[in-house]
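The opening position of the sequence shown corresponds to residue 10 in my numbering, with each subsequent residue numbered one higher.
Take a look at the structure below.
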Amino acid sequence: MIPVFDFRVLFVGVAFSVGLSGMNHAYANDAAWQKLAEGGKVVLMRHASVNTGRGQGNSLLRDPSCKRERNLSSEGEREAREVGKQFQERKIPISDVRHSPFCRTADTARIAFAQGGPAAYLSLLEILGADEAAAQTRALSHVIGEYAGEGNLVLITHEPNINAVSFEMMKQSDFLVLQPKGGSEFEELGVVRWSGSD
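Written out as structure tokens, the structure is:
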């Protein structure tokens, strides 16, 4: 078993999330946005929507030219712009943006936040062996748990990576709001479901 983080902390986050699930989406989103406005949090985001179907690239392939990868759709580009607009309009402080080396995550960061650098600990888990995936998940948990900046740290990655550290089911452009607790521990404060955003 991978010691990703303290499951007592996970229980608190899941309990809060379950509580939110019965509320209006906009209210749940507003609660998470209010936490982000305080700064010092970590945003763990799934990349925006991608092209699907035959001839639309390989979701498991890493191609620096972006020609053979699965890339953002026009809808995904719109989502990313809207995410960035919400952060700006709500005056959410951002200290840094990191993304998986894949093109769809890099493009989400560029369009939404006009910044970002690749981080190996955010790379797609599905293409890794079990030991490497476990080590990468530990690294991600440590980055989240140890974050101590005044603004918020934005991490843009893939669904399997988020599933490795949370029980939340994340659609494209959804993101978790996390409170670092030191070491590899963190608390889930809420989730912004993009389909339910203003």
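Each residue gets a CB set at the ideal place from its N, CA and C atoms; glycine is no exception.
Going by C-alpha to C-alpha distance, which of the options sits closest to residue i?
i: R99; options: N38, T166, H167; result: N38
i: Y156; options: K180, A173, G49, A142; result: G49
i: G191; options: R63, G154, L185, L134; result: G154
i: I103; options: G64, L162, Q65; result: L162
i: F195; options: C75, S175, F96; result: S175
i: M179; options: A40, K94, L53; result: L53
i: E47; options: L198, N67, I101; result: I101
In the structure shown, what three-state DSSP assignment does residue i receive?
i: P127; result: strand
i: D72; result: coil
i: E91; result: helix
i: V152; result: helix
i: G85; result: helix
i: Q65; result: coil
i: R107; result: strand
i: K180; result: coil
i: K190; result: strand
i: R55; result: strand
i: N80; result: coil
Among the residues of its own chain, which have a CB less than 8 Å from the CB of residue i, if the five just before and after it don't count?
i: S58; result: L81, S82, E84, G85, E88, Q181, S182
i: Q113; result: This sequence places Arg at residue 113; Gln is not what is there. The answer, listed in chain order, is H56, A57, V59, E78, R79, N80, L81, G85.
Please work out which residues of its chain come closer than 7 Å, Cβ to Cβ, to residue i, disregarding the five sequence neighbours upstream and downstream, and give them in chain order.
i: L70; result: R77, E78
Which residues in the same chain as residue i place their Cβ atom closer than 6 Å to its Cβ, once the five residues preceding and following it in sequence are excluded?
i: V27; result: Residue placement at V27 cannot be trusted, given a pLDDT of 37 that sits under 50; what the coordinates show is reported in the next sentence. Closer than 6 Å at the Cβ level, and outside the excluded window around V27, lies no residue.
i: A128; result: R107
Taking 8 Å as the cut-off, does the segment 140-151 touch the segment 107-124 (at least 3 CB pairs, one atom from each stretch)?
no
Count Cβ pairs between the segment 130-144 and the segment 168-178 that sit closer than 8 Å; are there 3 or more?
yes
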